[in-house]
Amino acid sequence: MAIPLLSYAPTCQNARVEGYEVGGDQQFLSHSLDNVTDDTDLDNLIEAAYRQIFFHAFKSDREPSLESQLRNGQISVRQFIRGLLLSDTYTRAFYGLNSNYRCVEQTVQRVLGRDVYSEAEKISWSIIIASKGLQGFVDALLESDDYLDAFGENTVPYQRRRVIDGRDQGETPFNIQSPRYDAYYRSIFGFPQTVYQNAIRRFIPQEKQVKAGDPAEFLTAARSLPSARGVASPRVATANINMSSVPYRKLGTSIGPSVNVDTDEE
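Shown next as structure tokens:
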């Protein structure tokens, strides 16, 4: 018997208020089939869907069959998103390499365009995954009022309320908040690479770079000369030392030079 979705509430009353946003450079561009006029617009819509779900789709991650059905009007954008969430790429890289809680967090961000409200919501959706599997979880998200009211049938999901009043920058993008792989798998796969970080530390700004004729260049050249470094005495192994040539003190001999002391006898 499947366990129904447990009730949860937003942690802040502002989440219930419809957002009033002013367009700007950080405002996310919405892609909808209702605004598609040519093949270029449709290509941009498909690329936006891949970026939203996969962040970046390689050639092996693309779904030609789903793209063909969307171009021919056989499926809607919501069904196209469902196909991407149930694809081998998402199942293997997002669902298979993360716990149920982390999978809920990533999927809610990509599908509903917002963060999870609280741990209660995360636990509620994780129970759906445990009882109905990934497909049941995806269907429940796409059929929820939260998704239908925000994006409907023909709009690609996007990060909502990315621009917040009173802040110089908007919210952090979801792909940075929740990377594809957990910390355990990131350590196995060997990233983040430390070579890239070392290259950043070695970067010298243009205003601090040494210019021609700078005395610092002559100092570096002088330090590179052999005479400046000095000649080190060669090291000799103890097995090759001739003990007869080593000065040492024999027993019964004076420590210093002999001194003659004249005494006057009366």
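So for the sequence shown, the numbering used here puts the first residue at 922; every next one is plus one. No residue lacks a Cβ here, since even glycine has one placed at the ideal position from N, Cα and C. Quantities reported herein were computed from a predicted structural model and do not represent experimental measurements.
Counted within 10 angstroms of its Cβ, other Cβ atoms place residue i as buried (16 or more) or exposed
i: D1030; result: Looking at the sequence itself, residue 1030 is Gln, so the reference to Asp does not match. Classification of Q1030: buried, given that the 10 Å Cβ count is 16 or more.
i: T1028; result: buried
i: A969; result: buried
i: K980; result: exposed
i: K1189; result: Within the shown structure, residues of the chain are numbered from 922 to 1187, placing residue 1189 beyond reach of any answer.
i: S989; result: exposed
i: E984; result: buried
i: T1076; result: buried
i: P1136; result: exposed
i: P1126; result: exposed
i: S1020; result: exposed
i: R909; result: With the chain covering only 922 through 1187, there is no way to say anything about residue 909.
i: V1059; result: buried
i: S1045; result: buried
i: F1139; result: exposed
i: L1146; result: exposed
i: E1026; result: buried
i: L1069; result: exposed
i: Y971; result: buried
Backbone secondary structure at residue i - three-state DSSP
i: S953; result: strand
i: T958; result: coil
i: L1140; result: helix
Own chain partners of residue i with C-beta closer than 7 Å, once the 5 adjacent residues on each side are dropped
i: V1116; result: With a pLDDT of 49 at V1116, under the threshold of 50, the modelled position of that residue is not reliable, and no figure is offered here.
i: L963; result: V957 and R992
i: D1036; result: Q1030
i: Y1079; result: F949, S951, Q973 and G1034
i: C1024; result: F1015, Y1016 and I1050
i: F1072; result: P1078
Residue from the options whose Cα sits closest to the Cα of residue i
i: R1013; options: Y1022, L1055 and L950; result: L1055
i: L1033; options: D1067, S1052 and L1018; result: D1067
i: D955; options: L987, E1040, R1144 and V998; result: V998
i: Q1199; options: R1023, G1134, K1132 and E1074; result: Here the chain covers residues 922 to 1187 and nothing more, so residue 1199 does not appear.
i: Y1011; options: E1040, A978, S986 and Y1022; result: A978
Chain-order list of residues whose beta-carbon lies under 6 Å from that of residue i (same chain, five-residue window excluded)
i: L1005; result: I974
i: S986; result: none
Cβ neighbours of residue i in the same chain (closer than 8 Å, five flanking residues each side left out)
i: N965; result: H952
i: L1007; result: L1055, Q1056 and V1059
Quick one: which unbroken alpha helix (DSSP H) runs of 4-plus residues sit fully inside the region 1017 to 1050? Chain order, please. 1021 to 1033
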